[in-house]
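S.K.:
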Amino acid sequence: MSKSISTEASLFASQIENRRFNTGTLQILESILVAKDVSSLLEIRSALRELLRSQSMAVLVETSVETADVKLRIVEFFVRAFALIGDVESCLALKYEALVLREAIHLKDRDLQVSYEEWLTFGRDSLNNGFYTIAVRVNLLYSFQIVALSFICSLIFVIITYGIITVFIF
105 MSKSISTEAS LFASQIENRR FNTGTLQILE SILVAKDVSS LLEIRSALRE LLRSQSMAVL
165 VETSVETADV KLRIVEFFVR AFALIGDVES CLALKYEALV LREAIHLKDR DLQVSYEEWL
225 TFGRDSLNNG FYTIAVRVNL LYSFQIVALS FICSLIFVII TYGIITVFIF
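All residue numbers for the sequence shown refer to the numbering used here, where the first residue is 105 and numbers rise by one.
1. In whole angstroms, what separates the C-alpha of Ser168 from that of Asp191?
2. Across the region 188-202 and the region 173-180, are there enough close Cβ pairs to call them in contact, namely three or more that are closer than 8 Å?
3. By the 10 Å Cβ neighbour count, where 16 or more other Cβ atoms means buried, how is Leu253 classified, buried or exposed?
4. Which of the three DSSP states is assigned to Asn233 in this structure?
5. Measuring only the C-alpha atoms, how far is Ser114 from Arg149?
6. Where does Leu253 sit, in a helix, a strand or coil, going by DSSP?
7. From Lys212 to Trp223, what does the alpha carbon distance come to, in whole angstroms?
8. Please give me, in chain order, every unbroken run of the beta strand (DSSP E) with length at least 3 that falls completely inside the region 113-172.
9. Using the Cα positions of Asp215 and Val165, report the straight-line distance between them to the nearest angstrom.
10. Just mark Arg206 as buried or exposed, buried being the case when its beta carbon has 16 or more other beta carbons within 10 Å.
11. How should Gly227 be labelled, buried or exposed, when 16 other C-beta atoms within 10 angstroms of its C-beta is the threshold for buried?
12. As a quick exercise: from Arg123, Ser194 and Val218, pick the residue whose alpha carbon is nearest that of Ser230.
13. Give the straight-line distance between the Cα atoms of Arg124 and Tyr220, rounded to the nearest whole angstrom.
14. Under the three-state reduction of DSSP, which class applies to Val218: helix, strand or coil?
15. Have a look at Ser160 and Leu152 and give me their C-alpha separation to the nearest angstrom.
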C-alpha cells in the first residue's frame with residue numbers, strides 16, 4: 105500500500121473512531137478507493153471492509169440508547185460506506201435496518217415512510233445478490249400491502265356508490 109493511501113486510510117479510520125459520520129468522511133473513503141493498480145485496490149478494500157465491519161458493529165451497540173433519528177443517520181452512513189467499498193452483504197444488511205428504522209419512525213415524520221417501490225427495490229437487490237429468503241419476505245410484504253390497498257379502495261368504492269356514511273371512533 106502506498107504512503108498516500110496509507111495516510112488517507114488512517115485519516116478515514118480516525119474519522120470513524122471519532123464518530124464523524126458525514127459526507128466529508130465518505131469523500132475521504134472515495135479518495136482512498138482511487139487506486140493506481142488492481143492489487144492495491146483489492147488490498148485497501150479488504151482492509152476497509154474489516155475496519156468498517158468491526159466499527160459498524162461497535163457503533164451500533166453504542167447507539168442502542170440513542171434516538172431512532174440518530175441511529176438512522178448512522179446506519180445510512182454505513183450503508184453508503186459499504187456500498188462504496190463493494191461489500192454487498194453488509195450494505196444490504198444495514199439497508200434493511202435503515203428501512204425498518206424508517207418504518208418505525210415515519211409516524212413522526214411522514215417523509216421517512218418507506219414506499220412500496222423502496223421495498224421492491226430492496227427485495228430485487230437481495231434476490232440479485234443471492235439473498236433469496238429476504239427477497240421472498242419482501243415480496244410477501246409487498247403482496248400483503250397490495251391486497252390491503254385493494255381492499256381499502258373497494259371499501260371506498262362501496263361507500264361512495266351506496267352513499268354509506270360511517271363514523272369511526274378511535
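Positions of the beta carbon are idealized from the N, C-alpha and C atoms, including for glycine.
M.R.: Reading off the structure:
1. The C-alpha of Asp191 is placed about 24 Å away from the C-alpha of Ser168.
2. Cβ pair count under 8 Å is three or more, so yes.
3. The predicted model places Leu253 with a pLDDT of 49, which falls under 50 and marks its position as unreliable, so this point remains unresolved.
4. coil
5. 14 Å
6. For Leu253, the predicted model reports a pLDDT of 49, less than 50, meaning its position is unreliable and no value from the coordinates is stated.
7. In a straight line, the C-alpha of Lys212 is about 20 Å away from that of Trp223.
8. none
9. 26 Å
10. buried
11. buried
12. The shortest C-alpha separation from Ser230 is found at Ser194.
13. 32 Å
14. coil
15. Across the structure, Ser160 and Leu152 are spaced so that their CA atoms are roughly 12 Å apart.
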